[in-house]
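Down below is the structure, laid out as structure tokens.
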Amino acid sequence: MNAAAGAKRMRADAERSTVRILEAAEEVLAVDANATLERIADAAGLARATVHRRFASRQALLTALTDRLNERYLQAIEQARVATAPPVVALHRLTELLFELKIGNRAMMEFTADPKTGITPLSEPVLAGLGLLFTRLHEAGEITATDPEWCRQVYVAIVCVADLLPSESPALAAGEPGARADLTFRTVLAALGSNRPQ
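Going by our numbering, the first residue of the sequence shown is number 141, and it counts up by one from there.
Structure below.
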């Protein structure tokens, strides 16, 4: 095996190890937020030295988990077609996808959340995707608010508040599937100056 092929194989092995570590971290930290890197290594079936080589500290692991969540947010933005779908359709679809993400990744979202805001820090590509969506909503006359950053902050805050509503809340229309997304969608449009009937 030549040196280039050996290096490529080592990179592929390292990537597989990193994925195993992150998957194990998601499972272990969902049960015990104070779990050590050693416990995560055991759950991943890897040597502790391997985990420490990939993640020098607990903070480095948290940063990687936050990046992983942001990749999922970015996939939701792409799946909602915020750049090409009618913007109001993209907003509704994105909101549905975000609540699906929250259900499937609740522990990681809580674990990686900023202690001051309770929100997982969003990457620049995610912020740009949301900004594009709200710019398009304004250009289409769906909202009167003009500042995409403000719109983004309102949207994220309303998603978080809707997520915290108890399932028996009258605002959730008897807990119908998609009720949180529908409530968020209507509230965000109203808050940002929509003329649509509520």
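We put the CB at the ideal spot given by N, CA and C, even for glycine. Quick caveat: nothing in here was measured; it's all calculated off a predicted structure.
- Just measuring C-alpha positions, the residue of GLY281, GLU279, ASP254, PRO288 sitting nearest GLY269 is PRO288.
- Restricting attention to LEU202, CYS300, MET248, THR257, the CA atom closest to the CA of LEU177 is found in LEU202.
- By the Cβ neighbour-count rule, ARG160 is buried, with 16 or more other Cβ atoms within 10 Å of its own.
- Annotated three-state conformation of PRO255 is coil, per DSSP.
- With a 10 Å radius around the Cβ and a threshold of 16 neighbouring Cβ atoms, PRO255 comes out exposed.
- Straight-line spacing of the CA atoms in GLU166 and THR286 works out to 38 Å.
- Annotation for ARG276: PRO227 place their beta carbon closer than 6 Å to its own, counting only its chain and skipping 5 residues before and after.
- The alpha helix (DSSP H) runs lying completely inside the segment 221 to 249 and spanning 4 residues or more are 227 to 244, given in chain order.
- In this structure VAL266 does not touch LEU332 by the C-beta definition: roughly 19 Å separates them, more than the 8 Å allowed.
- Take the alpha-carbon of THR252 and the one of PRO306: they are about 22 Å apart.
- If you ignore the 5 residues before and after CYS291, its C-beta comes within less than 6 Å of the C-beta of PHE274, ALA285, LEU332, all in its own chain and listed in chain order.
- Exclusion of the five residues before and after ILE180 leaves ILE161, ALA164, ALA165, VAL168, VAL191 as the residues of its chain whose Cβ lies within less than 7 Å of its Cβ.
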